[in-house]
Amino acid sequence: MGTLSRSTTPDPPSVHPGTNAPERVLPKLKISHLNFFYGAYQALHDVELEISANRITALIGPSGCGKSTFLRVLNRMYETVRNARVAGEVLLDGENALALDVAVLRRRVGMVFQKPNPFPKSIFDNVAYGLRVNGTRGTVLREAVEHSLKRAALWDEVKDQLHQSAYALSGGQQQRLCIARALAVNPEVLLLDEPSSALDPIATAKIEELLFHLKANCTIVIVTHNMQQAARIADETGFFLLGRLIEFDRTAVIFKNPAKKETEDYITGRFG
Amino acid sequence: MMRHRWRKFVNALMFGITALCALASVCVLFWILGYLVWNGGRALDLDFFTQLPKPPGETGGGMANAVIGSGQIILVAALIGVPIGFLGGVYLAEFGSGTVPFLIRYTADLLNGVPSIVIGIFAYTLVVVPAKHFSAFAGGVALSIILIPTTLRTTEQFLRAVPQTLREGALALGASKWQAVATVVVPAAIRGVSTGIILGIARIAGETAPLLFTSFSNRYWGTSLNQPTASLPVMIFTYAISPYADWHRQAWAAALLLLAAMLLLNIAARLALSRGSYQRT
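Residue numbers (numbering that gives the first Met the number 0), protein chains in the order written: chain A, 0 to 271; chain B, 0 to 280.
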């Protein structure tokens, strides 16, 4: 699979994004020739992808297609797996993400997991965690916690029980708490690995609405099994199959007029 | 119809046998406890906790020095054994993979099975022989060798039970491996870990053989950790094999006190565990 061309011709990137809302923005993440191995098993084959800033990018595909692995390359969470090895290039704002200090990278590229994983601590301590390991204390910390909970649309529900256990919250609230926790360190990119697969439709709708608001300040990459979800929220969508990025385009194109037969088969439910 | 009745009979019979065996194992504890209360309860008076032992043949006196001595020896053992066992367990659960941790784990399990009298001889060679005298410190060293493997393995097991997703959550926020372990994983497992440590301490509190070679005994107050020191298990041993009826009575009392302390530690450990072991969502 070579470099994927977009159906629209990219405009020259604007040097001052925000001065006149550009049609095409600078790629926040530029991934080239990415190959990934678990031991001898190759999980990703020569992936090429540009993820635009302040957009929601969805990655879809059947189980085991490599989309979650791809996500875990972007913040180098794969490093917790023994014998995992990556080859290729990941540029974050032009910087080599694979060579950055891993703690710095993970503060810039936050992650929300499939199952809500609040720490067995209070709601406040959960959100404060990322800031505390960076050495933030006192008033700054309290304000940042409040701000993050507001950004995650959870503040009104929890403001009177900040010092109670995070386990007292519902599943949907816990997931928004995990989003607030990730937002607290002010990441430039937020990775979400099937964030609503364990949630009911109402909680899912809340998360989707939240992501929609967040993209103003954050680049969002979301892995999802749910094609309707990708269609609803994503600006751009990539389709993975057997470790290859088959097609990447604007979401409308992927869902209405895909270029590749495999994409069409998957979208129309012929496999996967 | 016959077969149905036969089946019901076998069912009732097996239920009866298993229930009886279960009851028998519990009965042993209550039998011992009852026997100790009966024989030792009367001897367990204020003098027992406040008086020094009387010379052989005289009645009265107590084991105040042995109560304190046991406390000293256990404290030394805990101060040495708990940090080593705990941090070693953290290493095995969080940082260790490959041959070396496998060997450590295997060796710890072997050490756990070494007879306590052998550990007593080891501590004797290690501490008592160079110092040329028995001491509370030597007793503490001997007991710490018994405490280390249990603390190591229980710490490792409880840390491993903490879901991987919590570690990932912390790492994804830019925490270092050590920060994730110290601020998320260990707090999530701390109740289980402390339960294991309390049970380990309860176990060493009753050890006798290692102390015969190390802390030995003392009829008077120990003034430092560098002196031979009386302890409850050794006093029970000494008094029980003596020819004096009053010493027998006091040995019963000491045994009752020791068993009661161990039961209390066990109950405390269970309470600590039940009141909020890590809950999965």
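Cβ atoms here follow ideal geometry from the backbone N, Cα and C, with glycine treated the same way.
All figures in this text were calculated on a predicted structure; none of them were measured in a lab.
Counting along the chain, where does the alpha helix (DSSP H) carrying residue i start and finish?
i      : result
A:Q227 : 226-232
A:R243 : Here A:R243 belongs to no alpha helix (DSSP H); instead the beta strand (DSSP E) covers 243-249.
A:Q172 : 170-183
B:A244 : 244-273
B:S143 : 135-159
B:M234 : 231-239
A:Y265 : 260-266
B:D46  : 45-49
A:E156 : 154-157
With a 10 Å radius around its C-beta and 16 neighbouring C-beta atoms as the bar for buried, classify residue i as buried or exposed.
i      : result
B:S96  : exposed
B:F8   : exposed
A:Q172 : buried
A:Q163 : exposed
B:G199 : buried
B:A169 : buried
A:N53  : buried
A:D124 : buried
B:G1   : Position check: residue 1 of chain B holds Met in this sequence, whereas Gly was assumed. Exposed, because fewer than 16 other Cβ atoms sit within 10 Å of the Cβ of B:M1.
B:L45  : exposed
B:P82  : exposed
A:Q228 : buried
B:I144 : buried
Out of the options, which has the shortest C-alpha to C-alpha gap to residue i?
i      : options                       : result
B:V75  : B:A268, B:A137, B:A267        : B:A137
A:L244 : A:L58, A:F36, A:V89, A:K27    : A:L58
B:R248 : B:P52, B:A23, B:C26           : B:P52
A:L176 : A:A127, A:S196, A:K214        : A:A127
B:I189 : B:P129, B:P232, B:A268        : B:A268
B:V66  : B:L256, B:M13, B:Q178, B:L263 : B:L256
B:L158 : B:N111, B:G87, B:Y34          : B:G87
B:I235 : B:V192, B:M62, B:R166         : B:M62
A:D45  : A:G268, A:V89, A:R105         : A:V89
A:P117 : A:P200, A:Y77, A:H224, A:A181 : A:A181
B:L91  : B:I118, B:I120, B:L151        : B:L151
A:K27  : A:A39, A:H146, A:P186         : A:P186
Which value, in whole angstroms, describes the spacing of the CA atoms of residue i and residue j?
i      : j      : result
A:L70  : B:V140 : 51 Å
B:R279 : A:P115 : Per-residue confidence for B:R279 stands at a pLDDT of 39, beneath the threshold of 50, marking its modelled position as unreliable; the derived number appears in the next sentence. Using only the alpha carbons, I get a separation of about 11 Å.
B:E155 : B:T106 : 14 Å
B:S134 : A:I178 : 58 Å
A:L43  : B:A204 : 57 Å
A:K149 : A:F211 : 14 Å
A:A152 : A:S31  : 35 Å
B:A23  : B:T17  : 10 Å
B:P227 : B:I196 : 26 Å
A:N74  : A:P119 : 24 Å
A:F85  : A:L33  : The sequence given here has Val at residue 85 of chain A, not Phe. Between A:V85 and A:L33, the C-alpha separation is close to 7 Å.
Assuming residue i is part of the beta strand (DSSP E), what are its boundary residues?
i      : result
A:S31  : 26-37
A:L90  : 83-91
A:F238 : 235-240
A:E193 : Here A:E193 belongs to no beta strand (DSSP E), and DSSP marks it neither H nor E.
A:E47  : 40-51
A:G134 : Element bounds for A:G134: n/a, residue is neither H nor E.
(request) Would you list, in chain order, the members of the stretch 181-199 of chain B that have their beta-carbon closer than 8 Å to a beta-carbon of chain A? (result) Residues are counted here when their Cβ sits less than 8 Å from a Cβ of chain A; for the stretch 181-199 of chain B these are T182, V183, P186, A187, given in chain order.
(message) Which residues of the stretch 213-235 of chain B have a Cβ closer than 7 Å to any Cβ of chain A? Give them in chain order.
(response) Among the residues of the stretch 213-235 of chain B, none has a Cβ less than 7 Å away from any Cβ of chain A.
(request) Quick one: which residues of the stretch 235-261 of chain A get their C-beta closer than 7 Å to a C-beta of chain B? List them in chain order. (result) Those residues of the stretch 235-261 of chain A that come within reach of chain B (Cβ to Cβ, closer than 7 Å) do not exist; the list is empty.
(request) With 7 Å as the C-beta to C-beta threshold (strictly closer), list the residues of the stretch 24-52 of chain A near chain B in chain order. (result) Cβ contacts with chain B: none found.
(message) Give me the subset of the stretch 79-94 of chain B whose CB atoms are less than 9 Å from a CB atom of chain A, sorted by chain position.
(response) Of all residues in the stretch 79-94 of chain B, none places a beta-carbon less than 9 Å from a beta-carbon of chain A.
(request) Give, in chain order, every residue of the stretch 166-181 of chain B whose Cβ lies closer than 8 Å to some Cβ of chain A. (result) Against chain A - using a Cβ distance shorter than 8 Å - the residues of the stretch 166-181 of chain B are R166, E167, G168, A169, L170, A171, L172, G173, A174, S175, Q178.
(request) Mind checking the stretch 52-84 of chain A against chain B and listing, in chain order, the residues whose C-beta falls within less than 8 Å of any C-beta there? (result) From the stretch 52-84 of chain A, only N74, M76, T79, R81 have a Cβ closer than 8 Å to chain B.
(request) Could you run through the stretch 105-119 of chain A and flag, in chain order, every residue whose CB is less than 8 Å away from some CB of chain B? (result) Answer in chain order: R105, R106, G109, M110, F112, K114, P115, N116, P117, F118, P119.
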